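**Q** Once you know that position 222 of the sequence shown is 207 in the numbering used here, the rest is easy, because the numbers rise by one and skip nothing.
Using N, Cα and C, we set each Cβ at its ideal position, and we do this for glycine too.
Bear in mind that the values here come from a model prediction, so they are computed numbers and not experimental data.
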Amino acid sequence: MSPAPEAVAELFRPFAVRVAFVPVAGAAAGDLPFRVDDFLSPQAVPRRRDSFAAGRLAAARATHDLTGRALWPLRDARGAPVWPPGVRGSISHTGDLAVSVVARGPDAAVGIDLERAARAATPLATASWSCGPEETRRLRALRGSARGLAALRLLCAKEALYKAGPATRHAPSALRSVHLEWTEPEHPGAVVPLTVRARAGSPWSAFTVRTQVLNGYLVAAAAR
């Protein structure tokens, strides 16, 4: 079962957003107004094609909830979604579920990332590419499942930041320059706000970031 869209939207408050989920296995590429093959490499495996279709279908549902019309993000040369005028959004997907969040306004900036919480078993090496020295030290000070969940939390939070508007002009590895501070909760399902510490002029310094485990998925929300 996917997280409740309303619960995910709460992570973005006070920004007004719409959220939609689509199961990857249930995504019908034929429902898209364009051919998936026009946007993906010929070498893309079936799972990648299905997740791409699910993400675009989720975006259409979210924009319909927001504007009354199903709007379809296309794709730029770097692979990032190109949103219709007046709408900003973000897409994420795991192996089984896709999600999209959208907001109104040319100046809106929202990013979302979604991972199965079970992936927290061994994420420390995966998270290391985006973590700075202080974040890595904090992770290593934790024990057992708390370390794994915290590492996954950081990875998702930075992915959400990267997907939000300003960050798309930079390589993901640039997020090592962004330091996130947080307190790991006693209850794994609690909302966890992360404070963004970045150098002056950084495009990420004004963002609000929150994460929460919802129905077995760790969801990260970044907004400005």
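(1) From which residue to which residue does the beta strand (DSSP E) around G74 run?
(2) I'd like the span of the alpha helix (DSSP H) that includes R46, first residue to last.
(3) Can you have a look at S130 and say buried or exposed, based on whether 16 or more other CB atoms are within 10 angstroms of its CB?
(4) Who are the Cβ neighbours of W(-13) in its own chain at under 7 Å, not counting the five residues just before and after it?
(5) Grouping DSSP H, G and I as helix and E and B as strand, with all else coil, what is V2?
(6) Apart from the five residues just before and just after L127, which ones in its own chain have a Cβ nearer than 7 Å to its Cβ?
(7) S85 lies in the alpha helix (DSSP H); which residues open and close that run?
(8) Taking DSSP's pairing of strands, which residues face H164 in a bridge?
(9) Could you give the first and the last residue of the continuous beta strand (DSSP E) run that contains R104?
(10) When we look at the beta-carbon of R32 and count the other beta-carbons within 10 Å, is it buried (16 or more) or exposed?
(11) Measure the CB-CB distance between S85 and G74 and report whether it falls below 7 Å.
(12) I need the straight-line Cα distance from A103 to R122, nearest angstrom please.
(13) Pull up the DSSP beta-bridge partners for G96, would you.
(14) Assuming V194 is part of the beta strand (DSSP E), what are its boundary residues?
(15) CA-CA distance, V177 and A65?
(16) Give the range of the alpha helix (DSSP H) segment to which P118 is assigned.
(17) Tell me which residues share the same chain as A152 and place their Cβ nearer than 7 Å to its Cβ, disregarding the 5 neighbours each side in the sequence.
**A** Result, derived from the coordinates:
(1) Your numbering for residue 74 matches position 89 in the sequence shown. Segment V72 to H78, the beta strand (DSSP E) holding G74.
(2) The sequence position of residue 46 within the sequence shown is 61, counting from 1. Annotation for R46: the continuous alpha helix (DSSP H) segment containing it runs P31 to T52.
(3) On the sequence shown, residue 130 is found 145 positions in, with the first residue counted as 1. Exposed, because fewer than 16 other Cβ atoms sit within 10 Å of the Cβ of S130.
(4) In the sequence shown, residue -13 corresponds to position 2, counting from 1. The question names Trp, yet the displayed sequence has Ser at residue -13. Once the five neighbours on either side are set aside, the close Cβ partners of S(-13) are F6, L82 and N200.
(5) Position 17 of the sequence shown, counted from the start, is the residue given in the question as residue 2. Reduced to three states, the DSSP call for V2 is coil.
(6) Stepping through the sequence shown from its first residue, residue 127 is reached at position 142. Only A135 and E169 meet the Cβ criterion.
(7) Here residue 85 refers to the residue found at position 100 of the sequence shown. In the DSSP assignment, S85 falls outside any alpha helix (DSSP H) and within the unbroken beta strand (DSSP E) covering L82 to R89.
(8) Locating residue 164 in the sequence shown gives position 179, counting from the first residue. Beta-bridge analysis with DSSP links H164 to R182.
(9) Here residue 104 is taken as the residue at index 119 of the sequence shown, counted from 1. R104 -> no beta strand (DSSP E), and no H or E assigned at all.
(10) The residue labelled residue 32 in the question sits at position 47 within the sequence shown. So R32 ends up on the exposed side.
(11) The residue labelled residue 85 in the question sits at position 100 within the sequence shown. The residue labelled residue 74 in the question sits at position 89 within the sequence shown. Yes.
(12) The residue given as residue 103 occupies position 118 in the sequence shown. The residue given as residue 122 occupies position 137 in the sequence shown. Counting only the Cα atoms, R122 lies some 23 Å from A103.
(13) Position 111 of the sequence shown holds residue 96. Paired residues: A207.
(14) The residue given as residue 194 occupies position 209 in the sequence shown. Unbroken beta strand (DSSP E) run through V194: T193 to L199.
(15) Along the sequence shown, read from residue 1 onward, the residue named residue 177 stands at position 192. Along the sequence shown, read from residue 1 onward, the residue named residue 65 stands at position 80. The straight-line gap from Cα to Cα measures roughly 27 Å.
(16) Start at 1 with the first residue of the sequence shown, and residue 118 comes out as number 133. Residues P118 to A126.
(17) Along the sequence shown, read from residue 1 onward, the residue named residue 152 stands at position 167. The predicted model places A152 with a pLDDT of 44, which falls under 50 and marks its position as unreliable, so this point remains unresolved.
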